[in-house]
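Q: Once you've had a glance at the structure underneath, I'll fire off some questions.
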Amino acid sequence: MSDNIPLQPVRHKKIHDSKHKSGCCGWCCRGRDFKPRTVWLGHPEKREHKYPRNVINNQKYNFFTFLPGVLFNQFKYFFNLYFLMLACSQFVPDLRLGALYTYWAPLGFVLAVTVIREAVEEIRCYVRDKEVNSQIYSKLTARGTMVVKSSNIQVGDLIIVDKNQRVPADMIFLRTSDKSGSCFIRTDQLDGETDWKMRLPVGCTQRLPIAADLLQTRSYVYAEEPNLDIHSFIGTFTREDSDPPINESLSIENTLWASTVIASGTAVGVVIYTGKEMRSVMNTSHPKNKMGLFDLEVNCLMKILFVALVVLSLVMISLQHFRGRWYLHLFRFFLLFSHIVPISIRVNLDMGKMVYSLMIRKDSKIPGTLVRASTIPEQLGRISYVLTDKTGTLTKNEMQFRRLHLGTVSYGLDSMDEVESHVFSAYTQPSVSQDKPPSTAPKIRKTVSVRVHEAVKAIALCHNVTPVYESHGPDSTDRAEAEQNYEDACRIYQAASPDEVSLVQWTECVGLTLVGRDQSSMQLRTPGGHILNFSILQVFPFTYESKRMGIIVKDESTGEITFYMKGADVVMTGIVQYNDWLEEECGNMAREGLRVLVVAKKSLTEEQYQDFETRYNQAKLSVHDRSLKVATVIESLEMEMELLCLTGVEDQLQVDVRPTLEMLRNAGIKVWMLTGDKLETATCTAKNAHLVTRNQDIHIFRTITNRGEAHLELNAFRRKHDCALVISGDSLEVCLKFYEYEFMELACQCPAVVCCRCAPTQKAQIIRLLQQRTRKLTCAVGDGGNDVSMIQAADCGVGIEGKEGKQASLASDFSITQFKHLGRLLMVHGRNSYKRSAALSQFVIHRSLCISTMQAVFSSVFYFASIPLYQGFLVIGYSTIYTMFPVFSLVLDKDVKSEVAMLYPELYKDLTKGRPLSFKTFLIWVLISIYQGGIIMYGALLLFDSEFVHAVAISFTSLILTELLMVALTIQTWHWLMIVAEFLSLSCYIASLVFLHEFIDVYFIITLPFLWKVTVITLVSCLPLYVLKYLRRRFSPPSYSKLTS
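Under this note's numbering, think of the first position of the sequence shown as 427, with each following residue one higher.
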């Protein structure tokens, strides 16, 4: 094969960032541009514009639009409209074929089920919305504290929110009752993250003696225009009545977004956004309902049947030579043969999906599994690609500190006692405790003990962790005493990242314990029990863009000011002083599967810090390009920092990840891992989880930046076979920009693909490309908020409730608690759902084609007359009480036991090809229907003696018995409910014969001729099929039958 393969570049449409749109979702605040606003504290009447009411409305309809809306959504589909037209035609005397209820009853039943289902959902939404909108809050006014409903809150109101209470609107945080001067909020209902987040009140309002003084000040908040970004905010707070006027910058740390919950103290805030302009509402998307591939295939078969209906009607008219008012006869034939397109198929399949969802929820082998999209359970049986996140999905997101590396010496779990002894000696030997040499002394090489101490001290100080003390008794004094005495048993750590908590817990294990923290100070306890006090001067939180966090602290005992920083090696390499070991050791630790952080520090003089603080505060007060200006000022400090150490934490694999991935691989499913972690860590996890098998090579796609490099690298990759691919997000973006088709073609041939440093939007893009290029079904599995876009883009989204919260679970189609449950969800429930729905749909079609074939034979024999064979209740009873229960009982059928399906995942491969429901199986069932319908009708016409009513009795009874026997023929594993359904239906038919004297001669059906004629016709229609089934299982058995035998 030539190395220089011509690769065709592709063009991309320009994609606009949704953040800059003036609207949120299109449906809210349509037609108006959002603008910045000035909000006066406690004076809603001073608002500049009319703002939306603070109401939550998740309903699709209101009282007046409910019925028209539901009916419109039903009849906008062709087939529902088709059945409506057929039913309405019965009001025309020339077109009437029988009683009105024979057409209106089935349509009315289908519509009633739909309306009731929609009404129940709407009532639930209304009750939930009313409960939220009716919650009571306290509002500060000039007349004192007043009670106000959430729905009556306005922009500018001063609202008091108590502990464990939901924040009713987007607010700026003004005051807190917590003595620390800050408060914690829970944001799991906003961003899906379970860790508490700290929020800071505005400085000058927190210093006021009481909350009521807020109304005595002339203050206002300048807030940016409403947008979707829940992780940033730009604004300023101004107090005009002080001398001089006070200006403070506002950021995300000063906000309380709606739908968050106050976790500590009582908060007072001023409302800046309400209703549709709140961040939580603007981020609430209503994803389109996913329509499964199975439903699309059934719709295709319905269109084929409709064409058959039209053709058959035209044939009948043409055989009449278009005599007389042929168009009326044509329409009457449409009505006679309307059973060809079964109206009951949608109800049967929808009820089947409900049963499958119930079975998934009730499965004790996968506890906690929820079905959030009950319309696509069959999708689970045809998955070709599983795309999974790494952290929290394949791994537990439970961090364990594994390694401390100082460049010349490395400490693992087995040598942590050495670190502990170094820390102990640093605080017990006076000569060592002063780890920083005097500035006048010449630079000396530090001892290992000093370097270990500096590293541990940096890790203990550089974080956003807050120790929280919880009482174990009923009295609140227990908590206060525990906090005052720094009791270890009552202390837990709260942070936005489990990585940070693991680092602080490790420093506690080696002797340096974080015991206290508030807005402006931090306390550490030494191994000797002494408390070290540090003032927090500045905190620079971690962001996905900066990939680092920093803190400036001042040692209260020595007055030393130190800037500590930790972050990913890709950014820290350019910040720390030159060294020859950082890059190599980061790679080594990443290959061990560790998440690596680089820790550095820089000592500052008082003058240096004052200069920085002045520039930093000016940048924070800027309204335009604030983020850029602030970052520029911080970067002026981030130069020539002293490298202290590398830390390595390990994220352990989830339970049974390896056997689950092996099961998916044996089932013919390809697994791709999409993660934001670095390349080495992702590669190590892929090997550790056996995503890449031992006998497979790994091709690491080198970093590329332009089209030429992409061309060369793709050609190099093309020469490799049976090779797993590892590629970074940046290189992936370049490949997709220039050579999308070629890259996807090569990637789809790989047994496994690992994409590292992947952004959330890239994950969704990869899924969409897989769907477009392969036309195969994809399943996305994730546990964090960054996986939501991927989950919603996939044909089947599976969310895991994990350490990162419930956002992925809430956005998913199926929610599980562990990755290993995915195997059973696909191999057992997905397989059964697809096979059962395929059998059910084909049997409903068979039931309708049988009676339509009999009608066609009857009309042909009687000179192509457009007269119905069966009238009244016979038509309705046939598709309801006489055959509905046995046919629907097919949803309980299964070809193999669940244990066998799990043990032999190879059985799953057949389903991905769509064999249970294909044009071949459809044609077989059509031929069976024509054969049986023809045999029954011709047999009845040949065997009846004098009265035509006897032919009706013989043919209809034979038809019912044939349907019951065909269900028995189709069933592979009998369930007691199936037997009950068979006998119940037969009993209902026999019992109803007494009331059907208008259509059937009751005296004739108890005679011997009737019995032997029905028996002969039924045997001729069914026995050949039983013989064929036996011969097929004997000489060409399906794969599952070999296992069951």
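Beta carbons are placed, not taken as given, at the ideal position from N, Cα and C, and that holds for glycine. Keep in mind it's a predicted model, so treat the numbers as computed, not measured.
1. Measuring straight from C-alpha to C-alpha, what distance separates Tyr1357 and Ser1447?
2. Spatial neighbours of Ser577 within its chain, please: C-beta separation below 8 angstroms, excluding the five flanking residues on both sides.
3. Nearest by alpha-carbon distance to Ala1112: which of Arg612, Cys1182, Val1056 and Leu1069 is it?
4. Take the Cβ of Asp669 as the centre, count every other Cβ of all protein chains shown within 10 Å, and call the residue buried at 16 or more, exposed below.
5. Compute the Euclidean distance between the alpha carbons of Val849 and Gly1102, then round it to the nearest angstrom.
6. Let me know if Val1179 comes out buried or exposed under the rule of 16 or more other beta-carbons within 10 Å of its beta-carbon.
7. Give me, in chain order, the residues of the same chain whose beta-carbon lies closer than 8 angstroms to that of Ser783; leave out the 5 immediate sequence neighbours on both sides.
8. On a CA-only basis, which of Lys702, Val587, Pro1464 and Gly1365 is nearest Trp1438? Give me that one, please.
9. Kindly indicate the opening and closing residues of the beta strand (DSSP E) around Ala1150.
10. State yes or no: is the C-beta of Phe989 within less than 8 angstroms of the C-beta of Leu938?
11. Buried or exposed for Pro924, please, with buried defined as at least 16 other CB atoms from any protein chain shown within 10 angstroms of its CB.
12. Less than 6 angstroms between C-beta atoms, sequence neighbours within five positions excluded: which residues of the same chain meet that for Asn709?
13. In or out: Asn823 buried (at least 16 other Cβ within 10 Å) or exposed?
14. What residues in its chain sit with their C-beta under 7 angstroms from that of Leu745, if we drop five residues either side in the sequence?
15. Here's the rule: buried if 16 or more other CB atoms are within 10 angstroms of the residue's CB, otherwise exposed. What is Trp932?
16. Helix, strand or coil: which one does DSSP assign to Phe663?
17. Considering only the beta carbon of each residue, do Ala881 and Val997 sit closer than 8 angstroms?
18. Give the DSSP bridge partners of Leu676, in chain order.
19. Taking buried to mean at least 16 other C-beta atoms within 10 Å of its own C-beta, is Lys605 buried or exposed?
20. Please report the residue range of the beta strand (DSSP E) in which Gln826 lies.
21. Please list the terminal residues of the continuous beta strand (DSSP E) segment that includes Asn1121.
22. Around the C-beta of Cys726, are 16 or more other C-beta atoms found within 10 angstroms, so that it is buried, or is it exposed?
23. Could you check what DSSP says for Tyr1452 in three-state terms: helix, strand or coil?
24. Between Phe1374, Leu1275 and Asn1141, which lies nearest to Ile1354 when the distance is taken from Cα to Cα?
25. Have a look at Gly452 and Asn483 and give me their C-alpha separation to the nearest angstrom.
26. Ignoring anything shorter than 3 residues or poking outside the stretch 548-631, list the beta strand (DSSP E) runs there in chain order.
27. Please state if the CB of Val694 and the CB of Val581 are separated by a distance shorter than 8 angstroms.
28. Pull up the distance between the alpha-carbon of Gly607 and that of Ile678, whole angstroms please.
29. Jot down the residue ranges of each uninterrupted alpha helix (DSSP H) in the stretch 704-750, minimum 4 residues, whole runs only, in chain order.
30. Please list the terminal residues of the continuous alpha helix (DSSP H) segment that includes Phe1288.
31. Given a threshold of 16 other Cβ atoms within 10 Å of its Cβ, counted over all protein chains shown, does Tyr1004 qualify as buried or as exposed?
32. In or out: Thr1058 buried (at least 16 other Cβ within 10 Å) or exposed?
33. Going by alpha carbons, who is nearest to Lys816 out of Met511, Cys514 and Asp1077?
34. Express the C-alpha separation of Glu971 and Ile995 in angstroms, rounding to a whole number.
35. Mind reading off the beta-carbon distance from Lys565 to Ile542? Whole number of angstroms is fine, and I expect it under 8 angstroms.
36. Just grab the DSSP bridge partners of Ala1178 for me.
A: Quick answer:
1. 7 angstroms
2. Listed in chain order, the non-local C-beta contacts of Ser577 below 8 angstroms within the same chain comprise Arg479, Asn480, Val481, Asn559 and Ser560, local neighbours out to five positions each way being set aside.
3. Cys1182
4. By the Cβ neighbour-count rule, Asp669 is exposed, with fewer than 16 other Cβ atoms within 10 Å of its own.
5. Roughly 34 angstroms between the two C-alpha positions.
6. Buried, by the Cβ-count rule.
7. Val797, Ser800 and Pro803
8. Gly1365
9. Cys1149 to Ser1154
10. no
11. With 16 or more other CB atoms across the displayed protein chains lying within 10 angstroms of its CB, Pro924 is buried.
12. Leu654
13. buried
14. Phe1290
15. buried
16. strand
17. no
18. Gly661
19. exposed
20. Note, Gln826: beta strand (DSSP E), Thr821 to His831.
21. Per DSSP, Asn1121 lies in no beta strand (DSSP E) segment and is marked neither H nor E.
22. Cys726 comes out exposed.
23. helix
24. The shortest Cα separation from Ile1354 among Phe1374, Leu1275 and Asn1141 belongs to Leu1275.
25. Confidence at Gly452 is low in this model, with a pLDDT of 39, below 50, so its placement is unreliable and the value that follows should be read with caution. Just so you know, the alpha carbons of Gly452 and Asn483 end up roughly 15 angstroms apart.
26. 562-567, 570-575, 584-587, 596-602, 609-612 and 623-625
27. no
28. 16 angstroms
29. 705-708 and 719-745
30. Taken as a continuous stretch (DSSP letters only), Phe1288 belongs to no alpha helix (DSSP H), as it is neither H nor E.
31. exposed
32. exposed
33. Taking only the C-alpha atoms, the option nearest Lys816 is Asp1077.
34. Residue 995 is actually Asp in this sequence, not Ile. Looking at the two C-alpha atoms, the distance is approximately 14 angstroms.
35. Actually they are not in contact, since the Cβ atoms of Lys565 and Ile542 sit about 41 angstroms apart, beyond 8 angstroms.
36. Ala1178 is bridged by DSSP to Val1097.
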